[in-house]
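K.L.:
Take a look at the following structure, please.
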Amino acid sequence: MAYQFFAALVLLVSTAYVVGHRRALSVAAGRLHDLHSLPAYHGLFSAIGVFVPMLAVFVLGAPLVNWMAQSAALGNFDAAIQADPLQRSVILRDAVSLAKGQFGGDASPELQQAAADFKSVLANGNWAVLGLSIAAGLAALAAAFGTIKVPFRARKHVERFTKIVLGACAVVAVLTTIGIVFSVAFETYRFFFDPAIKGKPSVTSFLFGLEWNPQAAMRADQGAISTAYGFVPLLVGSLLITFIAICVAGPLGLFSAIFLSEYASQKVRAIAKPILEILAGIPTVVLGFFAALTVAPLIRGLGEAYGLNVASESALAAGLVMGMMIIPFISSLSDDVITAVPQSMRDGSYALGATKSETIRQVLLPAALPGIVSAFMLAISRAIGETMIVVMAAGLAANLTLNPLEAVTTITVQIKTILVGDQEFDSAKTLAAFALGFVLFFVTLLLNYIALRIVRKYREQYD
Amino acid sequence: MTDLTVTSVPSRSVQFDSAEMTARVKRRYRSERRFKALGGGALLLTAVFVLAVLLDIAFKGLPAFTQHYLVLDVPVKAEIVDPKGARNPDDLRSADYFAVMREALTAAVPGIEGRVAKKKLTGLLSSGAGNDLRDRIAADPSLIGTTVKVPLLLSDGADLYLKGQQTAVSTIPGRGTATPSDTKGDITILASANDFADDLVAVKKTLAARIEDLQVRLQRAEARGESQASEAASLKEEIVALAARVDQPAVAENLDEKMPSLLVSINGGLVKLNTISNDSATGTVILPLNTIDEARPLDWSVVTYAKPESNRKTSDIEVAYLEKLKADGNVESRFNTIFFTHGDSREAEQAGILGSLVGSVLMLIVTLSLALPFGVLAAVYLEEFAPKNKFTNLIEININNLAAVPSIVFGLLGLAVFLNFFGLPRSAPLVGGLVLALMVLPTIIIAARASMKAVPPSIKEAALGVGASHQQAIFHHVLPLATPGIMTGTIIGMAHALGETAPLLMIGMLAFIVDVPQGLTDPATALPAQIYIWSDLPEQAFEAKTAAAIMVLLGVLLLMNGMAIWLRSKFERRW
């Protein structure tokens, strides 16, 4: 059905273009410069005129036909069955697969009748939609044909349409954000307030609870396991790993940026920049593999050599590698802000007799501080939201500890652990992942907002 | 009167060559050098880390690009392959090729008796070893009744051993003569020149090391006090017993599987030793001997498998068979084509990345065909046509924020909206592509806007000046000039999308999928997701596969980024 429609659409739209183009030429009767718009715009005008109504008929008609076919199929069953959403969906699924000839089991006569009804209504409806859309297209073509005159301002109409399309594309980004906020916020709302969800926590016990254990008891003999949704251990775990990461990436990234922007020769820059770009381009799943299989055993071995008891999924391993991941992030952002400090300030400092490092420490860094702080904020936000490294190298059990040698878990690890595999959208456990996602989204949003404000507020206006 | 009159400047005389001043200058230069070294050191450390990651991956992954095969003469007997004699292709496809291969294998390693030993021998082959043979015979039934030389795929354990990742094998020729008591079963070997003395010393050393371990455990048990008193007592007994054995250097020792394995290669056969003394040893025959004649010096040897049997996947018997097959020239190492032509598998030797690679490509097609037009058109709108109002401002802030949203949140969006609300299929490249498109959209919009900004306004003004409309000026003049920058940004965005894993986990692309996906709604996985799946598997052979898959991923990414750099240098214009 869709194929026939799109074939008809392509055919009619291209015909419309040709017709519009020809019509413009013929109304101009050889005096092309009399036309307000170029013939191509007349062609485009006709094409758009045909495209929009045809698509509208299809987009509205196809779901309508599907709905009609479904109600026709369901009409064969009792009202009680129709009212039950579970049975409804089972019947519909069976009827659809029977209609397609893919049904495995024995079909009851009612089901067979339902499938037959479904099939015939769907087929008839689809043909009707196809016919209607073609009729609409032809009518639009006729109207466009009549509209095309020598003074007709086809270009204006085409450009207005183009502008609407452009604006719609820009709105997609907004829709994405709205989609994120609504989907996550809706499930989070259900997590806390939907009376149908069993075992849900209160908002305060979520935000301030010290225990995280979303594994609901599956069988009666597992009754001893108590479910708890305390968010604090996850937050502490995320912050601990982020702290380690910043301890690594902060000095390394900042010093790299200072060296690159102030000391390095063109040659060194030409080598160092691509290395940082390579590091920035390494997928996090690769770094996670490196953290889990190389760094973690290394740290464990080192710890044992000094008589320390290191967990095999220590926060230190994950934090170190995550720190490596955000080095290029901090260094490139800091490099930009340090380079942006006007040369006159350096010259002034040199003129007073300061050495290069004194200039950097006492003039450039204070001047670039807002930018550097905002780079750190963005790096923290990225580290908190990073998933694969911690999924592969950090632990699963929620320990509330600040010891970097122990295994901790993070917000992202728990989201991933809960949502991988089959999930039911009416269990508190699944919804808990969305609540975590909600927190994650707003924490990162807040950090980005603060970073933006710091730059806006404290940026010195030179020049 | 605006002139400032300087009344009194406190005069201070500075001696630039005083000792104090010289020292201060020196100190300042030292701190300067220190600061510079810190900067250089930070950069160097970062470079070392990048190198460490890449080398570690390459070192782990390179072995996975080769695969060992057993090249044997396989007699394709008609009564096994085609008992009906009809040469029906369907029958030929479902025939028992394992029986054919087993026959060839027993012919290559003759004299093996017992069910367990035979099972170990056939266990060297992969469960998919017969696939090639089957395809060849189904394609050319005239081969039935002949003997075909075919490469048979070895199992992952055998392959790992042959790549030297299981144990080192060392051979020491006998100095004196040796006499076996029998050609099969449990036998005794008498050596004339105390040939086993060194091995006996080594065994006693292993026992001494074991005593040390036990003593550490004993100390711990004693430290815990009463609760572990019985354990401490049994540990003590064990230590005393072991010490007695170590103290008598000449007494014969039993070997166990926690010690390096000792074998004797003699008279064309192989004996696994169970007990040794200085001049004699008893053991079980693995490969039967030809005769019970006395072997002359240097004609026989003691073979050591350095890694204890309990610490490796390939047992002594399997190592012995593989060594024999290798010595006979039946083992061949080839480029691992399976890795590039097959989908996932539970058996490491049959697992490949083709399925996930195709999944990734399908996903990127969806991502590109959505993100590129939407991103560029949105950029054109924001850069050129958007009225300066609050809503436009909101869109701009929103795009910048969207670029910083954690990728896993996009996965949540995909799960809640595309799967749960719109009911699109799980694990489908279509959904993955949609989610990734939303994720890279801000990147492309920002890159496209930047490269449009870089086109000088004079171009647009000239177009407007000769009578073009605003849209004509943009679409005919500005946009084409901005294309190289847009392409560069798009490729970098695509590279980012290719390496992204977290959102894919949320929408079910973390599945075990054997088949190569054929369409956008087939269940599929992506290359980074495949890497994650493999990295989670316990089998040792998958570690190399994971690293090899990472090498392929990094190679593709490098290619994409290289293309972006090339595009930038080739087409970018400085105005």
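Protein chains in written order, with my numbering: chain A, 1 to 463; chain B, 464 to 1038. Note that CB positions come from ideal geometry on N, CA and C, so glycine has one too. From a predicted model like this one, the values you see are computed outputs, not experimental measurements.
Using a 10 Å radius around the Cβ and a threshold of 16 neighbouring Cβ atoms, would you call A/Ala-220 buried or exposed?
P.N.:
Confidence at A/Ala-220 is low in this model, with a pLDDT of 47, below 50, so its placement is unreliable and no value can be given for it.
K.L.:
Taking all protein chains shown into account, decide if B/Lys-547 is buried (16 or more other Cβ within 10 angstroms of its Cβ) or exposed.
P.N.:
With fewer than 16 Cβ atoms within 10 Å of its Cβ, B/Lys-547 is classed as exposed.
K.L.:
Return helix, strand or coil for A/Ser-427, following the three-state DSSP convention.
P.N.:
In this structure, A/Ser-427 counts as coil in the three-state DSSP scheme.
K.L.:
Are any of the Cβ atoms in chain B nearer than 8 Å to that of A/Arg-219?
P.N.:
For A/Arg-219, the predicted model reports a pLDDT of 48, less than 50, meaning its position is unreliable; a value from the coordinates is still stated below. It does not: the Cβ of A/Arg-219 has no partner Cβ on chain B nearer than 8 Å.
K.L.:
Please tell me whether B/Ile-1013 has its Cβ less than 8 Å away from any Cβ of chain A.
P.N.:
Yes, B/Ile-1013 lies at the interface with chain A (some Cβ there is under 8 Å from its Cβ).
K.L.:
In the DSSP assignment, what are the bridge partners of A/Trp-212?
P.N.:
Answer by DSSP bridge pairing, in chain order: A/Tyr-229.
K.L.:
Determine which residues share a DSSP beta bridge with B/Ile-739 and list them.
P.N.:
According to DSSP, B/Ile-739 bridges with B/Glu-716, B/Ala-744.
K.L.:
If A/Thr-188 sits next to A/Phe-434, beta carbons under 8 Å apart, how far is it from one beta carbon to the other, in whole angstroms?
P.N.:
With a Cβ gap of about 5 Å, A/Thr-188 and A/Phe-434 count as contacting.
K.L.:
Considering only DSSP beta bridges, list what B/Thr-642 is partnered with.
P.N.:
B/Thr-642 pairs with B/Leu-653.
K.L.:
Can you list the residues of chain B that A/Tyr-263 reaches, using a CB-CB cut of under 8 Å?
P.N.:
Near A/Tyr-263 (Cβ distances below 8 Å), the residues of chain B are Lys-499, Gly-502, Gly-503.
K.L.:
Assess contact between the stretch 328-346 of chain A and the stretch 357-374 of chain A, defined as three or more Cβ pairs (one per stretch) separated by less than 8 Å. Is contact present?
P.N.:
Taking 8 Å as the limit for Cβ pairs, the verdict is that the stretch 357-374 of chain A does touch the stretch 328-346 of chain A.
K.L.:
Which chain B residues sit within Cβ distance under 7 Å of A/Arg-155?
P.N.:
In chain order: Ser-932.
K.L.:
Helix, strand or coil, according to DSSP, for A/Ala-407 in the structure here?
P.N.:
A/Ala-407 falls in the coil class under three-state DSSP.
K.L.:
Let me make sure I understand the geometry here. Which of B/Ile-755, B/Asp-661, B/Thr-767 has the alpha-carbon closest to that of B/Ala-715?
P.N.:
It is B/Asp-661 whose Cα lies nearest to the Cα of B/Ala-715.
K.L.:
Quick check on DSSP: helix, strand or coil for A/Tyr-306?
P.N.:
Correct three-state label for A/Tyr-306: coil.
K.L.:
Does DSSP put B/Glu-576 in a helix, a strand or coil?
P.N.:
Note: B/Glu-576 maps to coil in three-state DSSP.
K.L.:
Quick check: the Cα distance between A/Ala-217 and A/Val-203, rounded to an integer number of angstroms?
P.N.:
Residue placement at A/Ala-217 cannot be trusted, given a pLDDT of 45 that sits under 50; what the coordinates show is reported in the next sentence. Distance between the alpha carbons of A/Ala-217 and A/Val-203: 22 Å.
K.L.:
According to DSSP, is B/Leu-983 helix, strand or coil?
P.N.:
DSSP places B/Leu-983 in coil when its eight states are reduced to three.
K.L.:
Below 7 Å on C-beta distance, what does B/Asp-519 contact in chain A?
P.N.:
Per Cβ cutoff of 7 Å: Phe-290, Thr-294.
K.L.:
Less than 8 Å between the beta carbons of A/Pro-109 and A/Ala-432, yes or no?
P.N.:
Contact flag unset, no.
K.L.:
Evaluate contact between the stretch 626-635 of chain B and the stretch 684-692 of chain B, counting only Cβ atoms and requiring at least three cross-stretch pairs below 8 Å.
P.N.:
No: the two stretches stay apart, fewer than three of their Cβ pairs being nearer than 8 Å.
K.L.:
Along the chain, where does the beta strand (DSSP E) containing B/His-531 start, and where does it finish?
P.N.:
Unbroken beta strand (DSSP E) run through B/His-531: 529-538.
K.L.:
So B/Tyr-768 is in the beta strand (DSSP E); what residue range does that whole segment cover?
P.N.:
764-768 is the span of the beta strand (DSSP E), which, as asked, contains B/Tyr-768.
K.L.:
Answer with yes or no whether the minimum CB distance from B/Met-464 to chain A is below 8 Å.
P.N.:
Here the model assigns B/Met-464 a pLDDT of 49, short of 50, so the residue's position is not dependable, and the following value carries that caveat. For B/Met-464, the answer is no, since every Cβ of chain A falls outside 8 Å of its Cβ.
K.L.:
What first and last residue would you give for the alpha helix (DSSP H) that runs through B/Arg-497?
P.N.:
It spans 482-524 - the alpha helix (DSSP H) in which B/Arg-497 sits, taken as one unbroken run.
K.L.:
Could you pull out every residue in the same chain whose Cβ sits closer than 7 Å to the Cβ of A/Ala-136, ignoring the five residues on either side in sequence?
P.N.:
Correct list, in chain order: Pro-53, Met-54, Val-57.
K.L.:
Let me see if you follow: with CB-CB separation under 8 Å, is B/Ser-655 close to chain A or not?
P.N.:
No, because no Cβ of chain A sits closer than 8 Å to the Cβ of B/Ser-655.
K.L.:
In whole angstroms, what is the alpha-carbon distance linking A/Phe-329 and A/Leu-130?
P.N.:
Between A/Phe-329 and A/Leu-130, the C-alpha separation is close to 53 Å.
K.L.:
Cutting at 7 Å between CB atoms, please list the residues of its own chain near B/Ser-743, excluding the five before and the five after it.
P.N.:
For B/Ser-743, where only same-chain residues beyond five positions count, the Cβ hits under 7 Å are Thr-651, Ile-652, Leu-653, Ala-654.
K.L.:
State the start and end residues of the unbroken alpha helix (DSSP H) segment that holds B/Val-821.
P.N.:
817-843 is the span of the alpha helix (DSSP H), which, as asked, contains B/Val-821.
K.L.:
Taking any Cβ of chain A, which residues in the stretch 885-914 of chain B have a Cβ under 8 Å from it, in chain order?
P.N.:
Cβ contacts with chain A: Leu-901, Leu-904, Pro-905, Ile-908.
K.L.:
Pick out whichever of B/Ile-575, B/Arg-912, B/Ser-693 has its Cα sitting closest to the Cα of B/Gly-838.
P.N.:
With distances taken between Cα atoms, B/Gly-838 lies closest to B/Arg-912.
K.L.:
Just to confirm the assignment, what range does the alpha helix (DSSP H) spanning B/Lys-699 have?
P.N.:
Start and end: 692-710.
K.L.:
Between the stretch 816-846 of chain B and chain A, which residues of the former have a C-beta closer than 7 Å to a C-beta of the latter?
P.N.:
Per Cβ criterion, the list reads Phe-837, Leu-840, Ala-841, Val-843, Tyr-844, Leu-845.
K.L.:
On the CB-based measure, 16 or more other CB atoms within 10 Å of its CB, does A/Glu-406 come out buried or exposed?
P.N.:
Buried.
K.L.:
To the nearest whole angstrom, what separates the beta carbons of B/Glu-812 and B/Asp-619, a pair I think is in contact under 8 Å?
P.N.:
Correct: roughly 5 Å between the Cβ atoms.
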